[in-house]
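Have a look at the structure below before the remarks.
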Amino acid sequence: QQQQQQQQQQQQQEPQRQRKDPPPLAVPEGWTVEPWRWRVSRGDAVEVFSTSASSWLTGKVTGVHPERVKVHYVSAGDVCDKVLLRTSPHWRLWVSPAEAAAAAV
């Protein structure tokens, strides 16, 4: 019990860790990276472009890395995963129809 109390005291004394942005991407000169690409996290809804389906498909971010994201999606009934550079034009944030309609006004 004494050991548990000591652990609790240590945890309270440790400064709370703040979420840090990943290190800057190696972006080709002249390119810009949209801020949302830094903030995306596991569970976020996104769309990926499927070359085989020739369309944008809804998926979820299942992994994040400073330079890449992993997206889980379904194409023609098949469960797929795709790893993309954060700078890739082949993925984008999913926007609900209501949000899209509100933005169009």
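Okay, so the sequence shown: first residue is 292 according to this note's numbering, each after it adds one.
All residues carry an ideal CB built from backbone N, CA and C; glycine is no exception.
{"Query": "Using a Cβ-Cβ cut-off of 6 Å (strictly less than) and excluding sequence neighbours within five positions of P380, which residues of its own chain qualify?", "Result": "none"}
{"Query": "Check this for me: beta carbons of S366 and L348, under 7 Å apart or not?", "Result": "yes"}
{"Query": "Secondary structure at W329, three-state DSSP: helix, strand or coil?", "Result": "helix"}
{"Query": "Is it buried or exposed for V386, if we count other Cβ within 10 angstroms and need 16 for buried?", "Result": "exposed"}
{"Query": "In the structure shown, what three-state DSSP assignment does A344 receive?", "Result": "coil"}
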